Structures are given as structure tokens and as C-alpha cells.
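Residues 413 to 554 in my numbering are what the sequence shown lists, from first letter to last. Working notes, structure below.
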Amino acid sequence: MAKKKSKKKSKGKEEEEVFYVGMKDPIEIRRSILESSKEMLQYLQRFEKFKKVRKEKEEEISQLKETMKDIQSLVRKLKKELPKTGLRAGKKKVKKKKQVSKKKVKKEAPKPEEVKKPEEMTELERLEAELNEIEGRLTNLT
413 MAKKKSKKKS KGKEEEEVFY VGMKDPIEIR RSILESSKEM LQYLQRFEKF
463 KKVRKEKEEE ISQLKETMKD IQSLVRKLKK ELPKTGLRAG KKKVKKKKQV
513 SKKKVKKEAP KPEEVKKPEE MTELERLEAE LNEIEGRLTN LT
């Protein structure tokens, strides 16, 4: 049952009136509210994971751009160091193979893992805690 308090002023005195509203099947209503809260928290968790993946993607793209800049500068330096000759090698016509090799060789030194920000993890952990609490309430209702 829900209470509604209202204050009436009569001649300088404050009085509180309490109204009660009857509800049919309050346990079912409570269950539906808790299930809705549970779904909302699951959506928030998915959104937090999405934000994390998007941020990682942006970091990887920026790292790739930096690597490409480094490669381009190294190629320029190499061209400067090589002797200049008037001879050019004849171009051979080679048919390109349309098959893509399934093996991709990735030559990169393992990078040290960055320290994760506790703010992002605390948000996700907080949502998980709320989700567990709501699931506990749901099991108590049945």
C-alpha cells in the first residue's frame, strides 16, 4: 500500500492527513518493477562495455596512425641513404593471385598493459552489484 501525506493549514496549525491506496496483487507489481530495474541495469552494463570497446578501438586506431607515420619517416630516411642511380630495374608483369592467405603474421613486440582506470570499473561493478541485489529480491518474493 502506498501512503500519501498532505498537509493542511488551519489557523496556524499543521495537520497531516494520511491516505492509503489499495493495490491488487502488490507482490506481482513489485516483481515487475524489480524485473524492469534488472533489465535496465543489464542495458547499462552492455552500454558500459560498448563504451569500453569503442575507446579501445580509438586507441588502436591512433596507435596504428602513429606506427604508419614512423614507417613513412623510416622509408624516407632509407631513400635518402640509398645511392642514386640512373638504372631502373625492368618491370615484370606478374599476375596477382586473388587468393588471400589465411595466415596473417603480426610482428609486434608485446606491449605492456595499461593501468585501467578505476572509475570505469567501479561503474560496471556498481551496476553488477545492483543487478545481484535485484535478483536477490526477486528470489525472496517467490
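The beta-carbon is built from N, C-alpha and C at its ideal position, and this holds for glycine as well. Bear in mind that the values here come from a model prediction, so they are computed numbers and not experimental data.
Around glutamate 460, the same chain offers Glu532, Glu535, Leu536, Leu539 as residues with beta carbons nearer than 8 Å, after the five sequence neighbours per side are excluded. When only Cα atoms are considered, leucine 446 and lysine 477 end up about 47 Å apart.
Out of Lys467, Glu545, Leu553, Leu490, the CA that lies nearest to the CA of serine 449 is found in Glu545. The C-alpha of lysine 496 lies about 17 Å from the C-alpha of leucine 486.
Of the residues assessed, leucine 494 falls on the exposed side of the cut-off, its CB having fewer than 16 other CB atoms within 10 angstroms.
In the DSSP assignment, proline 438 falls within the unbroken alpha helix (DSSP H) covering 438-493. Selection Glu428, Arg488, Ile439 evaluated against arginine 549 yields Ile439 as nearest (Cα-Cα).
In this structure, glutamine 454 sits near leucine 543, with a CB-CB distance shorter than 8 Å.
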